[in-house]
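A.B. asks: In this text, residue positions in the sequence shown follow UniProt numbering: the first is 1, and each later residue adds one.
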Amino acid sequence: KPCSQYRNNDLPVPADSKWVKAFLSMALLWAGSQANPWEISESLMADALQEIFDVVYPDVKYKVNPNGAVFAVTQQRLSEWRSNIGSTALAIVVDFCSRIKDAPNDLVAKQLLKDCAFVYEDPDNISQETAYLSTFVLQMIASTHLSAIVDHASVPALNTNKLALGKGMDGVIVLCVIALEHALKFVEDSIINVNEVLASMATGKFSVKLPEKRNKATGKMSSGCYKFSFTNWHNEMEAYMKSISNRNEDSKLIIISRARRFMKKSARGDASDEDIEETQSIDERALICEVFHSPLSVITADFVFLNRILPYAL
């Protein structure tokens, strides 16, 4: 049957805490190390899931294949994970903008997007070393990825220990950055209304109503062009990947290590914070190691808020 129709009761093993914490967490860890977490080769994914399954369920004989329950249910979880990254970015950006009382939301977003200022630890002192170390990016990685892989199984064939430290995590870092840019552009272009989203959050539901445009292919009205998806963001992903792939591995380990500090102490796992950057492209996303100036200073609160913003624009 179609992959979308598989459910937990179709699995060859119980869908209990072992499945969720050990198996699925490991699948997410592995997916985060892929160059394009949106589109992963079926054969590559099946092989990885087989390695994980054999470790988590050594007494269960099962062959993972793209048409089976294990593959399908895992794929559904990966889809939820990617969707959560997009939703979390929106929540962080909305919370951030709600704290700025001295400048309109669209102007705040515009300045954060200018020269990709939102990815730097200190937009007032931008340097190659501080790229991908902003509070925005670190909070995203911690809340959407690190928190989801805390109880992952140990699978030597997939280099689990190195992956957990952050080795090769280009894909998940870039996915978080793109989600933030996506959310900031929503605010800059007034695609979403910060106050309306805040009102929905106050009711316990996170709701974002997207506008619709006529689909040229089908002639029907759709909000598809606003979705957080590879179709809409593949160019930006390619540009960011050019940037981060040219950074040395130690710098990526530092990004993950710093992100881990945003997690609750009990959920950080055993990875050490002591485990220890050049790009060239015409796209500004791939040039984020270059020095730009932005009159912003970001510090931490519940999520994040500005200490100083747009003094020249007020």
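C-beta atoms are modelled at their ideal positions from N, C-alpha and C, and glycine is treated no differently.
Give the DSSP-derived three-state secondary structure of R214 in the structure shown.
C.D. replies: Looking at R214 - three-state DSSP - the assignment turns out to be strand.
A.B. asks: Considering only residues of the same chain and omitting the five flanking positions on each side of G168, which have a CB-CB separation below 7 Å?
C.D. replies: Excluding positions up to five away in sequence, the list reads S33.
A.B. asks: Rounded to the nearest angstrom, what separates D250 and K1 at their Cα positions?
C.D. replies: Distance between the alpha carbons of D250 and K1 is about 44 Å.
A.B. asks: Would you identify the three-state DSSP class for W19, choosing helix, strand or coil?
C.D. replies: It is helical.
A.B. asks: To the nearest whole angstrom, what separates the beta carbons of V108 and C116, a pair I think is in contact under 8 Å?
C.D. replies: Incorrect: roughly 15 Å between the Cβ atoms, too far for contact.
A.B. asks: Taking Cβ to Cβ, would you say L158 is nearer than 9 Å to W30?
C.D. replies: It is a contact, given that the beta carbons lie within the stated cut-off.
A.B. asks: Can at least three beta-carbon pairs, one atom from the stretch 144 to 157 and one from the stretch 225 to 243, be found at a separation below 8 Å?
C.D. replies: No, the stretch 144 to 157 does not touch the stretch 225 to 243.
A.B. asks: I need the DSSP call for M263, collapsed to helix, strand or coil.
C.D. replies: Coil.
A.B. asks: Can we say the stretch 69 to 82 touches the stretch 40 to 58, given the rule of at least three CB pairs closer than 8 Å?
C.D. replies: With the cut-off at 8 Å, the stretch 69 to 82 and the stretch 40 to 58 touch.
A.B. asks: State yes or no: is the C-beta of I192 within less than 9 Å of the C-beta of V119?
C.D. replies: Cβ distance not < 9 Å, so I192 and V119 don't count as in contact.
A.B. asks: Between which two residues does the alpha helix (DSSP H) harbouring V154 extend?
C.D. replies: It should be noted that the sequence gives Ser, not Val, for residue 154. Taken as a continuous stretch (DSSP letters only), S154 belongs to no alpha helix (DSSP H), as it is neither H nor E.
A.B. asks: Grab me the residues of P12's own chain with a C-beta within less than 6 Å of its C-beta, minus the 5 sequence neighbours each way, in chain order.
C.D. replies: Correct list, in chain order: Y62.
A.B. asks: What is the rounded straight-line gap between the Cα of V177 and the Cα of L24?
C.D. replies: Each residue's alpha carbon lies about 23 Å from the other.
A.B. asks: Shortest alpha-carbon distance to F206 belongs to which of G86, S79, P123 and N232?
C.D. replies: Cα-wise, what sits closest to F206 is G86.
A.B. asks: Which whole runs of the alpha helix (DSSP H) in the stretch 176 to 229 are 4 residues long or more, in chain order?
C.D. replies: Counting whole runs of 4 or more residues, the stretch 176 to 229 contains the alpha helix (DSSP H) stretches 194 to 202.
A.B. asks: Since A72 sits in a beta bridge, which residues does DSSP pair it with?
C.D. replies: Beta-bridge pairing links A72 to no other residue.
A.B. asks: Kindly indicate which three-state DSSP category Y240 falls into: helix, strand or coil?
C.D. replies: Helix.
A.B. asks: For the alpha helix (DSSP H) containing G32, list its first residue and its last residue.
C.D. replies: Unbroken alpha helix (DSSP H) run through G32: S25 to G32.
A.B. asks: Say whether the stretch 174 to 189 touches the stretch 55 to 70, bearing in mind that this needs 3 or more beta-carbon pairs closer than 8 Å, one atom from each stretch.
C.D. replies: The stretch 174 to 189 vs the stretch 55 to 70: no contact.
A.B. asks: Please state the DSSP three-state secondary structure of A117.
C.D. replies: Residue state, collapsed to three classes: helix.
A.B. asks: Name the residue from R82, V70, N195 and A27 whose alpha carbon lies nearest to the alpha carbon of residue 315.
C.D. replies: As shown, the chain starts at 1 and ends at 314. That puts residue 315 outside it, with no answer to give.
A.B. asks: Taking the alpha helix (DSSP H) that N246 falls in, what are its first and last residues?
C.D. replies: Note, N246: premise wrong, no alpha helix (DSSP H); not H, not E.
A.B. asks: L26 to V55, Cα distance in whole Å?
C.D. replies: The sequence given here places Met at residue 26; Leu does not occur at that position. For M26 and V55, the distance between alpha carbons rounds to 11 Å.
A.B. asks: My output table needs one value for A89: the three-state DSSP class, helix, strand or coil.
C.D. replies: Correct three-state label for A89: helix.
A.B. asks: Using a 10 Å radius around the Cβ and a threshold of 16 neighbouring Cβ atoms, would you call A22 buried or exposed?
C.D. replies: With 16 or more Cβ atoms within 10 Å of its Cβ, A22 is classed as buried.
A.B. asks: In whole angstroms, what is the alpha-carbon distance linking S272 and S257?
C.D. replies: Here the model assigns S272 a pLDDT of 43, short of 50, so the residue's position is not dependable and the matter cannot be decided.
A.B. asks: Since E51 is in the alpha helix (DSSP H), which residue starts that stretch and which ends it?
C.D. replies: Taken as a continuous stretch (DSSP letters only), the alpha helix (DSSP H) holding E51 covers E42 to V56.
A.B. asks: From R260, K252 and R261, pick the residue whose C-alpha is nearest to that of Q128; which is it?
C.D. replies: Of R260, K252 and R261, the residue nearest in Cα terms is K252.
A.B. asks: From what residue to what residue does the alpha helix (DSSP H) around A103 run?
C.D. replies: No alpha helix (DSSP H) contains A103, which DSSP labels as neither H nor E.
A.B. asks: Just the C-alpha distance for E39 and A179, rounded to the nearest angstrom, thanks.
C.D. replies: About 16 Å.
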